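The structure appears right after this line, and notes come after that.
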Amino acid sequence: MTAPFEPGRGYELNPAVALRPEPFGALAYHFGNRRLSFLKAPELVELVRGLGSHRCVSEALATVPEGRRDVYLRALASLAAADMIVLQAAGSEVA
Amino acid sequence: MSAPADRVPALAEQFKGGLAAPICLTWEWTYACNLSCTHCLSSSGRRDPGELSTAEMRSVIDELHSMQVFYVNVGGGEPTVRPDFWELLDYAVASGVGVKFSTNGLRLDAERARRLAATDYVDVQVSLDGASREVNDAVRGDGSYAMALRAMENLAEAGFNGFKISVVMTRHNVPQLDDFAAIADRFGAQLRITRLRPSGRGADVWPELHPTDQQQREIYSWLSDHGDRVLTGDSFFHLNALGGSPLPGLNLCGAGRVVCLIDPVGDVYACPFAIHDAFKAGTVRAAGGFARVWRSAPLFAELRTETSGGACRSCSAYSTCQGGCMAAKFFTGLPLDGPDPECVKGYGAAALSAAGGDPPRTGTDHSHRGREVPLGMPSVRVPAKLCDLSPLAGTA
Chain A
3 MTAPFEPGRG
13 YELNPAVALR
23 PEPFGALAYH
33 FGNRRLSFLK
43 APELVELVRG
53 LGSHRCVSEA
63 LATVPEGRRD
73 VYLRALASLA
83 AADMIVLQAA
93 GSEVA
Chain B
5 MSAPADRVPA
15 LAEQFKGGLA
25 APICLTWEWT
35 YACNLSCTHC
45 LSSSGRRDPG
55 ELSTAEMRSV
65 IDELHSMQVF
75 YVNVGGGEPT
85 VRPDFWELLD
95 YAVASGVGVK
105 FSTNGLRLDA
115 ERARRLAATD
125 YVDVQVSLDG
135 ASREVNDAVR
145 GDGSYAMALR
155 AMENLAEAGF
165 NGFKISVVMT
175 RHNVPQLDDF
185 AAIADRFGAQ
195 LRITRLRPSG
205 RGADVWPELH
215 PTDQQQREIY
225 SWLSDHGDRV
235 LTGDSFFHLN
245 ALGGSPLPGL
255 NLCGAGRVVC
265 LIDPVGDVYA
275 CPFAIHDAFK
285 AGTVRAAGGF
295 ARVWRSAPLF
305 AELRTETSGG
315 ACRSCSAYST
325 CQGGCMAAKF
335 FTGLPLDGPD
345 PECVKGYGAA
355 ALSAAGGDPP
365 RTGTDHSHRG
375 REVPLGMPSV
385 RVPAKLCDLS
395 PLAGTA
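Going down the list, the protein sequences come from chains A and B. Residues 3 to 97 (our numbering) are what the first sequence spells out, left to right. Residues 5 to 400 (our numbering) are what the second sequence spells out, left to right.
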């Protein structure tokens, strides 16, 4: 259903998804497929919110401490698989 | 479906402290109902004169929108008998508050089904408590099976994919689990099964209708095989003590943590199965509205603290079953920190036979005022007034 996750490309929060701040991080709700996901760390929430302003996922990950990059990479991959984050729209892609 | 980070507690642990807003908010729009199901958890039938007005309903929807409650489970009574039902549905959807409503099918004719199929953010849940007319109508009343099936046909014909078929599991329909799944497949629907609670009129029939120990094992094993395709809410976490891997679904009591109920008169309860003063947290009509109740009610604060586990603490299964369902214990007269009446280790049955006195009853009773004349199954209700038979009686 969804394309494979490609950390070399730019992603952003799906416009159909709303984030609700929660004590543990945030709850993500996809208005299109009515799925809920849980972002289980405040740092991950920041990463997801800021994703659209980076040229690629790897660049966004450079903003978090090295020791946690792997775990967030896996988290982003699962968010992409759930359609919560999507490839940046063609028009907004940085050349 | 969740995104792991390092060294964070399991989600169920995080939920215990409560959320900024509920995830599973049930909102009952009226106590009026055309049916008189024997197990009705809210003892519905007649409209309450104090039910929220259209304007009050709209302001609650506004509040849910600002709290980012993304969807609500609307029920009743039969919610579609409210004259402003469709107007409120449209208002909620336009406000970004999705609606899943439960219905017995009363108003779902072909035209309405087509309109629903064309509306985003709306989901429909048709109640069916038997995969055959006999089993269903014995609980829900004569004609209710045909009405539900007609509604499902209309939804399927209109192209409404993935609507829900909601089944309360009883001693008579556990053997029909595969048949329910087949009905769901036939209509392109999704099956949802829930636990019979001794709440409302359910208290009267629970002793005869709740699944046997053997049937509880059948439910567990059926869910282990089919659970990924079936919705259960937080119904069956007490069965996790049967071992193996935990069932899919929410494996803790969500009351006051991720779950709550707004009843038709605006009272807020910890859970839809706990309509009783002991679990009433406040009202949406008071200053601060629903948000204040959710965030500040002392009852909710208490439910969000770690429970002692009481008599169950020393049981090896406590970490998997969490002591079971609060409402099931309360309405069978068992202590809240003791075993669930349907404890799979058998402690509930022992506690039930030891418990004396009358268990508490659901706080409000809106049952139709007819005489119940049991004539085997189904029972026949003799209305006190002819207009009691009309689903719209008292709603004008």
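Even for Gly, the Cβ is constructed at its ideal location relative to N, Cα and C. These numbers were taken from a predicted model, which means no experiment stands behind them.
* **Backbone secondary structure at N16 of chain A - three-state DSSP** => coil
* Sort B:S46, B:C37, B:T34 and B:S131 by Cα distance to R365 of chain B and report the nearest one. => B:S46
* Verify the CB distance criterion: does Q129 of chain B have a CB-CB separation below 8 Å to chain A? => no
* Asked: Measuring CA to CA, which of B:E32, B:A14, B:G22 and B:T42 is closest to P202 of chain B?
  -> B:T42
* Asked: Which residues, in chain order, does the region 229-259 of chain B contribute to contact with chain A at a C-beta distance below 7 Å?
  -> none
* To do: With 7 Å as the limit, tell me which residues of the region 12-24 of chain B have their beta carbon closer than that to any beta carbon of chain A; keep them in chain order.
  => V12, L15, Q18, G21, L23 and A24
* To do: Use the C-beta contact count for S249 of chain B: other C-beta atoms within 10 angstroms, 16 or more gives buried, fewer gives exposed.
  => exposed
* Asked: Which residue's Cα is closest to the Cα of V130 of chain B: B:A152, B:Q326, B:G247 and B:Y273?
  -> B:A152
* Straight-line Cα distance separating R175 of chain B from L216 of chain B -> As written in the sequence, residue 216 of chain B is Thr, which differs from the Leu given in the question. Straight-line Cα distance between these residues: approximately 7 Å.
* P6 of chain A versus chain B: which residues are under 7 Å apart at the beta carbon? -> Those within 7 Å of P6 of chain A in chain B number zero; the least Cβ separation is about 17 Å.
* **Length of the line joining the Cα atoms of V272 of chain B and A30 of chain A** => 25 Å
* Coil, strand or helix - S323 of chain B by DSSP -> helix
* Per-residue DSSP class, three states only, for W298 of chain B -> helix
* Using 8 Å as the limit for Cβ to Cβ distance, is A18 of chain A near chain B? -> no
* To do: Between the Cα of C329 of chain B and those of B:C257, B:V297 and B:F283, spot the shortest distance and give me the residue it belongs to.
  => B:C257
* To do: Identify, in the order they occur along the chain, each residue of the same chain with its Cβ nearer than 7 Å to the Cβ of L396 of chain B, setting aside the five sequence neighbours on each side.
  => Caution is warranted here: a pLDDT of 48 is assigned to L396 of chain B, below 50, making its placement in the model unreliable, and no coordinate value can be reported.
* Buried/exposed call for D238 of chain B, threshold 16 Cβ in 10 Å -> buried
* Asked: If we ignore side chains and look at the alpha-carbon of each, how far apart do R111 of chain B and L120 of chain B end up?
  -> 12 Å
* Asked: Any idea what DSSP makes of V288 of chain B, helix, strand or coil?
  -> coil
* Asked: Which one of B:G145, B:L235 and B:G80 has the shortest CA to CA distance from F277 of chain B?
  -> B:G80
* **Contacting residues, own chain, Cβ-Cβ under 7 Å from S60 of chain A (five flanking each side not counted)** => P9 and G10
* **Residues within the region 63-86 of chain B neighbouring chain A, beta-carbon criterion of under 8 Å** => Q72, F74 and Y75
* Using a C-beta cutoff of 8 Å, does G102 of chain B count as contacting chain A? -> yes
* Asked: In angstroms, rounded to a whole number, what distance separates the CA positions of A18 of chain A and V88 of chain A?
  -> 10 Å
* Determine the extent of the beta strand (DSSP E) in which A30 of chain A is found, giving its start and end residues. => G27 to H32
* Do you know offhand how far G226 of chain B's Cα is from C58 of chain A's? -> Strictly speaking, residue 226 of chain B in this sequence is Trp, with Gly absent from that position. Looking at the two C-alpha atoms, the distance is approximately 45 Å.
* Along the chain, where does the alpha helix (DSSP H) that runs through R116 of chain B open and close? -> A114 to A121
* Proximal residues to E161 of chain B (C-beta, below 8 Å), its chain only, five neighbours per side dropped -> A114 and A117
* To the nearest angstrom, how far is it from the Cα of E222 of chain B to the Cα of A91 of chain A? -> 49 Å
* To do: Flag I27 of chain B as yes if its beta-carbon sits less than 8 Å from any beta-carbon of chain A, otherwise no.
  => yes
* Please decide whether Y13 of chain A counts as near chain B, where near means a Cβ-Cβ distance under 8 Å. => no
* According to a CB-to-CB cut-off of less than 8 Å, which residues of the region 35-64 of chain A neighbour chain B? -> R36, R37, L38, S39, F40, L41, K42, A43, E45 and L46
* Asked: Roughly how many angstroms lie between the CA atoms of R50 of chain B and C37 of chain B, to the nearest whole one?
  -> 7 Å
* To do: For W210 of chain B, name the three-state secondary structure that DSSP assigns.
  => helix
* To do: Pull out every residue of the region 120-150 of chain B whose Cβ sits closer than 9 Å to any Cβ of chain A, in chain order.
  => D124, Y125 and D127
* Asked: Under 8 Å between C-beta atoms, does R22 of chain A make it to chain B?
  -> yes
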